[in-house]
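Accompanying notes for the structure given below.
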Amino acid sequence: MSNISEASEPDSLSASREGLSTSSSDTASLNSGGLTYHAHSVSLSTGAASSPLAPLPPKLSDRQRKRAYRIGLNLFNKKPEKGIKFLVEQRFVEHRPSAVAKVLITRKGLSKQMIGEYLGNIQNQFNMDVLHCFGEEIDLSGLQIDVALRKFQSHFRMPGEAQKIERLMEAFANRYVECNHDQVKQFSSADTVFLLAFAIIMLNTDLHNKSIRSDRKMKLPDFIKNLRGIDGGADVDPDILSGIYSRIKATEFKPGTDQVTQVHKVEQMIVGTKPTQQLSLPHRRLVCYCRLYEVSDPNKREKLGLHQREVFLFNDVLMVTKIFSKKKKHVSYTFRVSFSLCGMQVYLFETSHYKHGIRLTTNIDGKVLITFNARNEHDRSKFVEDLKEAILEMNEMESMRIDDELHKQKMTGNHLSFNRFSKDSGVVDLDLLKPGDPGINRLSAPECSGLKKSALSNSLIELSESNKRRGSGGSLDSGLMSAAPSASSDSQNGGSQEDNQKTLKPHQSAGSRFSIFGKKAKSSRSSLAADCTSEA
15 MSNISEASEP DSLSASREGL STSSSDTASL NSGGLTYHAH SVSLSTGAAS SPLAPLPPKL
75 SDRQRKRAYR IGLNLFNKKP EKGIKFLVEQ RFVEHRPSAV AKVLITRKGL SKQMIGEYLG
135 NIQNQFNMDV LHCFGEEIDL SGLQIDVALR KFQSHFRMPG EAQKIERLME AFANRYVECN
195 HDQVKQFSSA DTVFLLAFAI IMLNTDLHNK SIRSDRKMKL PDFIKNLRGI DGGADVDPDI
255 LSGIYSRIKA TEFKPGTDQV TQVHKVEQMI VGTKPTQQLS LPHRRLVCYC RLYEVSDPNK
315 REKLGLHQRE VFLFNDVLMV TKIFSKKKKH VSYTFRVSFS LCGMQVYLFE TSHYKHGIRL
375 TTNIDGKVLI TFNARNEHDR SKFVEDLKEA ILEMNEMESM RIDDELHKQK MTGNHLSFNR
435 FSKDSGVVDL DLLKPGDPGI NRLSAPECSG LKKSALSNSL IELSESNKRR GSGGSLDSGL
495 MSAAPSASSD SQNGGSQEDN QKTLKPHQSA GSRFSIFGKK AKSSRSSLAA DCTSEA
């Protein structure tokens, strides 16, 4: 069986700032013969520059540029804000909400779970602006509210916190009303769309939560009863609620597929002893699969085909398995061993018995991890090419991690030095002030008001008891974009301090906060809307 890899798929780099088209292996299918990737064409437009260009990063080769892009994806799939910062610094995306939103929707290799975490970061105004533009990218015209919500949430995995869900449902409600003015006229209040969306999410969780017994799951009469009076004191048409209930019960809301979907599929095919650590993680992606043969002694002849191994190469780990059962449409594997790619060394060898040998060792003491022999030179060259590139990728990420740790230690050391200097010079040491000291408010930074604690409950019963919604609480492809301009400095911190500290007043109506039937309530939103529409 020949090796099939993501690196073997065609890639193209465009020097144009107008956009980029690239073929990327983003999905795969497993069958009894092995793993096959299907290439999909993806296009991404960066739009025109909105601010002076930042200094370009060092000129890199195409291979290095693609590796840097994959590192950016890896960082996003671990810490989304850090990943976006890296992609902006490397000029893969502009630091504008509309540009980031388009990347989250169109690019492959981003974890749906981490997209949800990024969009649900209610404490970061820039993220909230991205969420607004994110909604503007999705066409919800002519769809029933639950069908539209299913489409909206397919682009990310819904976070678990109620405040984050609430903010996501606000964005959905705004966009749904923009796309469906005629359908929304049947409701007396704009808030009804939001309340229905929130209720649908809770209904989906209730009906499809395996930990809830079937006799305890919500029934249709309960669903209708709990939503009484949510339409400005009136009831929503029971036929509408009945249709929503039946469709949600028939089909669970699920996020779309991402790179973790394929990893999870591989994990499910392993029987018996499992890897010590969970295989399907947000940052992990399948790079390639290859059939190799384990060699115990390169100088000793063994029967041809003995010790056959199915080797799965992920972006951070190499997993060795053995076929356990092979049927027409299904194959299962037993786990043998796995190795971290960080610091791994690859050597090729040839003996009279093994013409296509591969030896993997550690880079510290040269300890042999495992030895393989490939069936032919093609299998060996393609597998080794992918393996070496994945190792370089992990080594660079490890180097970045070490640099970050050293920087943190340096900053900590500077802080300690400042404290010692304060004591020696007679200046009051801020660390010595106790919370009850009179001068604490004068010497410490002003507290940020932030968002009020959410009063919105997860209970459908409370939705029916509240006429007005209350304020929310605070709490792979290798396709690339080349030389995208950076953002203006005022968007770096996600808006002004005044905008961030605005809180909703109790007497404000939900409709005036949404402003989804009339004009935008905040002038700052008009510039954001212009940014989003400029990408269209």
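If you use this note's numbering, the sequence shown corresponds to residues 15 to 550, in order.
Yeah, the Cβ is synthetic: ideal placement off N, Cα and C, and Gly gets one too.
These figures come from a predicted structure and were not determined experimentally.
Could you tell me the distance, in whole angstroms, from the CA atom of Phe353 to the CA atom of His367?
Taking the Cα positions, Phe353 is about 26 Å away from His367.
Once the 5 residues before and after Ala113 are set aside, which same chain residues still bring their CB inside 6 Å of it?
Only Val107 meet the Cβ criterion.
Are the stretch 91-103 and the stretch 125-141 touching by the rule of at least three beta carbon pairs closer than 8 Å?
Because the criterion of three Cβ pairs below 8 Å is met, the stretch 91-103 and the stretch 125-141 touch.
Just confirm the distance between the C-beta atoms of Arg299 and Gly123, as a whole number of angstroms; I'd bet it's less than 8 Å.
Correct: roughly 7 Å between the Cβ atoms.
Enumerate in chain order the residues of its own chain whose CB-to-CB distance from Phe2 is below 8 Å, with the five nearest sequence positions on each side excluded.
The structure shown does not extend to residue 2, since the chain spans only 15 to 550, so no value can be given for it.
Buried or exposed, going by whether 16 or more other CB atoms sit within 10 Å of the CB of Gly371?
Burial call: buried.
Is the Cβ-Cβ distance between Ile136 and Gln167 less than 8 Å?
Not a contact, by the Cβ cut-off of 8 Å.
Looking only at C-alpha atoms, which of Glu180, Val207 and Asp229 sits nearest to Glu192?
Each of Glu180, Val207 and Asp229 was checked against the Cα of Glu192, and the nearest Cα belongs to Val207.
May I ask which residues mark the beginning and end of the alpha helix (DSSP H) holding Gly371?
Where Gly371 is concerned, there is no enclosing alpha helix (DSSP H), although the beta strand (DSSP E) around it starts and stops at Gly371 to Thr376.
On the criterion of 16 or more Cβ atoms from any shown chain inside 10 Å, does Cys546 qualify as buried, or is it exposed?
By the neighbour-count rule (16 or more Cβ atoms within 10 Å), Cys546 is buried.
Euclidean distance between Cα positions of Lys369 and Phe363:
Those two C-alpha atoms are separated by around 8 Å.
Beta carbon of Phe386 nearer than 8 Å to that of Val301
The criterion of a C-beta distance shorter than 8 Å is not satisfied by Phe386 and Val301.
What three-state label does DSSP hand Leu300 in the structure shown?
Here Leu300 sits in strand by DSSP.
With DSSP as the reference, label Val250 as helix, strand or coil.
The answer is coil: DSSP assigns Val250 none of H, G, I, E or B.
Suppose you measure from the CA of Pro312 to the CA of Asn329; what does that come to, to the nearest Å?
Straight-line Cα distance between these residues: approximately 28 Å.
What residue range does the alpha helix (DSSP H) around Leu332 cover?
For Leu332, no alpha helix (DSSP H) segment is defined; the enclosing uninterrupted segment is the beta strand (DSSP E) at Val331 to Lys340.
Would the beta-carbon of Val398 fall within 8 Å of that of Val360?
Pairing Val398 with Val360 gives a Cβ-Cβ distance under 8 Å.
According to DSSP, is Leu295 helix, strand or coil?
The three-state secondary structure of Leu295, taken from DSSP, is coil.
Which complete beta strand (DSSP E) runs does the stretch 374-422 hold, if anything under 3 residues is left out?
When DSSP assignments are scanned along the stretch 374-422, the uninterrupted stretches of beta strand (DSSP E) that are 3 or more residues long and fall wholly within it turn out to be 382-387.
Suppose only complete runs of 4+ residues qualify. What are the alpha helix (DSSP H) ranges in the stretch 218-264, listed by chain order?
When DSSP assignments are scanned along the stretch 218-264, the uninterrupted stretches of alpha helix (DSSP H) that are 4 or more residues long and fall wholly within it turn out to be 234-240 and 252-264.
Select from His109, His222, Ala204 and Ile258 the residue whose C-alpha is nearest the C-alpha of Leu157.
Of the candidates His109, His222, Ala204 and Ile258, the one whose C-alpha sits nearest the C-alpha of Leu157 is Ile258.
Closer than 7 Å by C-beta to Lys402: which residues in its own chain qualify, once you throw out the five before and the five after it? Chain order, please.
Here the set comprises Val360.
Nearest-angstrom Cα distance between Ile572 and Gly357?
Absent from the structure is residue 572, since the part of the chain shown begins at 15 and ends at 550.
Leaving out five residues before and five after Met333 in sequence, what residues of the same chain have Cβ atoms less than 6 Å from its Cβ?
Around Met333: Phe326 and Ser352.
Cβ neighbour criterion (16 or more within 10 Å) applied to Met216
So Met216 counts as buried.
Inter-residue Cα distance where the pair is His146 and Met183:
The alpha-carbon of His146 is positioned some 11 Å away from that of Met183.
Whole angstroms are fine: how far does the CA of Arg79 sit from the CA of Ala404?
Using only the alpha carbons, I get a separation of about 14 Å.
Expected contact under 8 Å - CB spacing of Arg81 and Glu281 to nearest Å
About 26 Å separates the two Cβ atoms, so there is no contact after all.
Return the first residue and the last residue of the beta strand (DSSP E) that Tyr361 is part of.
Per DSSP, Tyr361 belongs to the beta strand (DSSP E) from Met358 to Phe363.
For Ser413 and Thr426, the rounded distance between their alpha carbons:
One Cα belongs to Thr426, the other to Ser413, and the distance between them is close to 20 Å.
For Gln127, which three-state DSSP category applies?
Three-state result, Gln127: helix.
Outcome for Val382 when other beta-carbon atoms lying within 10 angstroms are tallied against a minimum of 16
The residue in question, Val382, is exposed, as its Cβ has fewer than 16 Cβ neighbours within 10 Å.
Integer Cβ distance of Ser155 from Asn194, believed to fall under 8 Å:
With 8 Å as the limit, Ser155 and Asn194 qualify as a contact, their Cβ atoms being about 7 Å apart.
Measure the beta-carbon distance from Lys165 to Leu221 and round it to whole angstroms, keeping in mind my assumption that it falls under 8 Å.
By a beta-carbon distance limit of 8 Å, Lys165 does not contact Leu221. Their separation comes to about 19 Å.
Taking C-alpha atoms, which residue in Glu316, Gln273, Tyr303 and Tyr307 lies nearest to His297?
Looking at the Cα atoms, Gln273 is the closest of the given residues.
Could you give the first and the last residue of the continuous alpha helix (DSSP H) run that contains Arg81?
Taken as a continuous stretch (DSSP letters only), the alpha helix (DSSP H) holding Arg81 covers Asp76 to Phe90.
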